[in-house]
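To keep things clear, I will list the structure first and then write my remarks on it.
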Amino acid sequence: MRVFKFGGASVKDAAGVINILSVLKHTGFSETLIVVSAMGKTTNALEEVVKNYFDETPRYLEYLEKIKQNHYQIIAELFQQDSAQTKENINQLFEEIIIFLNNNKTKDYSLIYDQVVSLGELVSTTIISNYITSQGIKNRWLDARKCIKTDSYYRDANLDWEATQKSILKAADGNSTLISQGFIGSDSEGLTTTLGREGSDYSAAIFAYALDAESVTIWKDVPGVLNADPRVFKDTQLLRQISYREAIELAYYGASVIHPKTLQPLQRKEIPLFVKSFENPADDGTSVSKGKTLEPLVPCFILKKKSNPFETLLLRFFFYCGRKY
Ligand code: ADP
Ligand code: ASP
Ligand code: MG
């Protein structure tokens with residue numbers, strides 16, 4: 004099994020979803036589990052719903068309706084005349100959250116947050132699974148809440164590895180192309196939990212670990228892991244290969260291209276990680292695997308911004324010497 008992960012940037016609109024199909028046609032899609040995040044900035048919009056729910060004059064229904072309409076727009080572009088079924092599926096997911104919010108008695112912000120914010124991933128994967136089916140690719144939509152088992156530490160839940168492994172193996176058995184959600188899981192009460200913002204990369208690593216996957220590919224809007232964030236630095240260079248340890252250091256010090264928890268499960272089972280461009284799937288991108296060290300040998304930069312501008316810190320890594328400057 005291979006694991007692919009597509010993040011919010013790759014599925015921000017209908018063109019992004021269509022592009023997933025062309026990536027899959029390029030790479031092949033059998034024996035592949037595809038983990039997908041919420042579309043574009045949906046998670047931020049859902050966070051606003053939760054904040055508003057606690058307001059004195061809540062307008063969360065309006066907020067939710069706007070998010071639903073944005074998804075309907077994407078569905079209309081993808082399915083044209085055949086959009087009714089997918090719209091109905093999405094409407095059902097929104098209705099479940101509305102019923103939950105209308106009947107909810109708890110004031111536990113984090114618990115409510117996870118029930119609401121997880122909607123983004125459920126909706127995006129439903130649209131993508133239906134779309135790919137409509138284009139002739141047989142696939143199964145897999146509910147990550149039935150697979151990723153966690154404690155009840157809402158918004159940053161901790162994994163129960165044993166239960167997760169069992170559930171994933173059971174759920175994936177006999178399926179060739181699976182589409183599941185990043186970021187979300189469930190606790191022993193059956194309530195939805197989340198793994199922390201940007202946690203979908205970590206979900207991909209969890210699935211890969213449980214399935215003993217041959218590789219994980221994270222598809223990004225950049226050519227791979229660069230020696231600095233291209234939004235901040237000019238003339239960045241692509242790191243063609245990098246060790247697990249170097250990737251862990253970059254992620255932990257704040258290179259937001261990979262979620263920090265992603266590398267360790269992969270390193271434990273020596274599962275290679277590829278970071279590749281979803282715009283140019285034929286390009287090699289970056290590979291992180293056993294026995295590989297940094298290539299090319301260039302310093303890597305991370306800008307850490309604090310609220311106080313005088314505290315802005317430039318971290319420079321120079322892996323060749325194993326030292327940080
Ligand atoms: P996703 O769509 O998977 O959530 P992200 O937006 O979280 O993707 O991550 C991709 C972004 O990470 C890039 O657009 C880039 O600006 C940023 N980034 C930060 N550091 C790096 C780095 N060292 N190499 C590549 N991209 C980086
Ligand atoms: N959708 C979630 C977020 O925006 C998880 C992810 O994208 O990785 O944080
Ligand atoms: Mg992201």
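Heads up: take any position in the sequence shown, counting from 1, add 3, and you land on this note's numbering.
The C-beta atom is built at its ideal place from N, Cα and C for all residues, glycine as well.
- Annotation for GLN267: no beta strand (DSSP E) segment contains it, though the alpha helix (DSSP H) segment containing it runs 266-272.
- Excluding residues up to 5 positions away in sequence, VAL39, TRP144, ILE182, SER183 and GLN184 lie with their Cβ nearer than 8 angstroms to the Cβ of THR128 in the same chain.
- If you check the C-beta of SER40 against the ligand MG, you find a heavy atom less than 8 angstroms away.
- Per the coordinates, the alpha-carbon of SER170 lies some 8 angstroms from the alpha-carbon of ILE151.
- Secondary structure of GLN240 (DSSP, three-state): coil.
- In the structure shown, PHE9 adopts extended strand secondary structure according to DSSP, grouped into three states.
- Shortest Cα-Cα distance from ILE274 to any of GLU249, ILE209 and LYS44 involves ILE209.
- Nearest Cα to THR46 within the set TYR116, VAL26, LEU172 and LEU242: TYR116.
- In this structure, GLN240 lies away from THR289, with their beta-carbon atoms at least 9 angstroms apart.
- In this structure, LYS8 has its beta carbon less than 8 angstroms from a heavy atom of the ligand ADP.
- Where LYS279 is concerned, there is no enclosing alpha helix (DSSP H), although the beta strand (DSSP E) around it starts and stops at 276-280.
- Beta-bridge analysis with DSSP links LEU318 to ILE305.
- Contact between the stretch 85-104 and the stretch 8-20 is absent: fewer than 3 CB-CB pairs across the two stretches fall below 8 angstroms.
- Rounded to whole angstroms, LEU36 and LEU172 show a C-alpha spacing of 12 angstroms.
- For GLU192, the closest C-alpha among the options ARG158, LYS44 and ASP154 is that of ASP154.
- Where ARG248 is concerned, the enclosing alpha helix (DSSP H) starts and stops at 247-256.
- Between the beta-carbon of ILE78 and that of LYS90 there is about 6 angstroms, and that keeps the pair under the 8 angstroms contact cut.
- Collapsing the DSSP output to three states places LEU64 in a helix.
- The stretch 56-73 makes no contact with the stretch 216-232, as fewer than three CB pairs between them are under 8 angstroms.
- Here DSSP, grouped into helix, strand and coil, assigns GLY199 to coil.
- Remark: the shortest separation between the CB of PRO302 and any heavy atom of the ligand ADP does not fall under 8 angstroms.
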